[in-house]
Amino acid sequence: LNVKMSFFGFGQTADIEIVFDDADKRKVAEVKTDEGKKEKLLLYYDGETVSGRVNVTLRKPGSKLEHQGIKVELIGQIELFYDRGNHHEFISLVKELARPGDLLQHTSYPFEFANVEKPYEVYTGANVRLRYFLRATIV
Numbered sequence: 003l004n005v006k007m008s009f010f011g012f013g014q015t016a017d018i019e020i021v022f023d024d025a026d027k028r029k030v031a032e033v034k035t036d037e038g039k040k041e042k043l044l045l046y047y048d049g050e051t052v053s054g055r056v057n058v059t060l061r062k063p064g065s066k067l068e069h070q071g072i073k074v075e076l077i078g079q080i081e082l083f084y085d086r087g088n089h090h091e092f093i094s095l096v097k098e099l100a101r102p103g104d105l106l107q108h109t110s111y112p113f114e115f116a117n118v119e120k121p122y123e124v125y126t127g128a129n130v131r132l133r134y135f136l137r138a139t140i141v
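Have a look at this one:
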């Protein structure tokens with residue numbers, strides 16, 4: 003997962019990568035994306051801990067990135083296809099990784115969501131999609 007961030011195209015930008023602790027040992031499921039491509043996703047069961055690292059890589063070495071905080075969220079979401087703009091979040095867990103300040107170099111932040119209750123299974127049907135995902139944000 004890579005994201006680029008800049009303010010009106012000026013200044014520092016960064017790539018964000020989320021790496022899971024046990025990705026090499028975890029079962030995977032192959033799913034079809036909206037574009038019809040196949041994607042492999044890690045399987046997590048109800049009550050399991052989700053942990054890893056958020057790696058922030060600066061695109062311009064030697065230049066600082068000012069930010070108002072860095073966080074990672076675990077989201078459980080239901081999306082109704084007839085109402086795409088309206089998502090219902092039934093789980094929203096947040097871990098603050100860094101307080102406001104300056105990033106001067108590539109940095110890696112550990113995170114852990116312990117014993118996460120996942121009341122529903124992931125599902126994609128004709129009219130609805132239920133999913134869990136992580137979102138890392140530099141504010």
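Residue numbers (the working numbering): 3 to 141. Backbone N, C-alpha and C fix where the C-beta goes; we use that ideal spot for every residue, glycine too.
Beta-carbon contacts of residue 90 that lie in its chain and below 6 Å, excluding the five residues immediately before and after: Position 88 of the sequence shown holds residue 90. Correct list, in chain order: 80.
Limits of the beta strand (DSSP E) - the one that residue 83 falls within: Along the sequence shown, one-based indexing puts residue 83 at 81. No beta strand (DSSP E) holds residue 83; DSSP gives it neither H nor E.
Integer Cβ distance of residue 43 from residue 56, believed to fall under 8 Å: Numbered from 1 along the sequence shown, position 41 holds the residue referred to as residue 43. Numbered from 1 along the sequence shown, position 54 holds the residue referred to as residue 56. About 18 Å; that fails the 8 Å criterion.
Spatially closest choice to residue 30 from 111, 47, 36 and 59, by CA coordinates: Position 28 of the sequence shown, counting from 1, holds the residue named residue 30. Considering only alpha carbons, the answer is 47.
Host beta strand (DSSP E) of residue 123 (start-end): Position 121 of the sequence shown holds residue 123. It is not in any beta strand (DSSP E) - residue 123 carries neither H nor E in the DSSP assignment.
Chain-order list of residues whose beta-carbon lies under 6 Å from that of residue 35 (same chain, five-residue window excluded): Residue numbering aside, residue 35 sits at position 33 when the sequence shown is read from its first letter. Counting only Cβ-Cβ distances below 6 Å, and skipping sequence neighbours, we find 41.
Assigned secondary structure, residue 25 (DSSP; H/G/I helix, E/B strand, else coil): As a working mapping, residue 25 is identified with position 23 in the sequence shown. The answer is coil: DSSP assigns residue 25 none of H, G, I, E or B.
Pair within 7 Å by beta-carbon distance, residue 21 and residue 54: In the sequence shown, counting from the first residue as 1, residue 21 sits at position 19. In the sequence shown, counting from the first residue as 1, residue 54 sits at position 52. Their beta carbons are under 7 Å apart, which means residue 21 touches residue 54 by this criterion.
Which residues DSSP lists as bridging residue 104, in chain order: Taking the first residue of the sequence shown as 1, we reach residue 104 at position 102. According to DSSP, residue 104 bridges with 68.
Cα-Cα separation between residue 162 and residue 97, rounded to whole angstroms: Residue 162 is absent from the model: the chain starts at 3 and stops at 141.
Neighbourhood of residue 83 by C-beta, 8 Å cutoff - its chain only, sequence neighbours within 5 removed: As a position in the sequence shown, residue 83 is number 81, starting the count at 1. For residue 83, where only same-chain residues beyond five positions count, the Cβ hits under 8 Å are 128, 129, 130 and 131.
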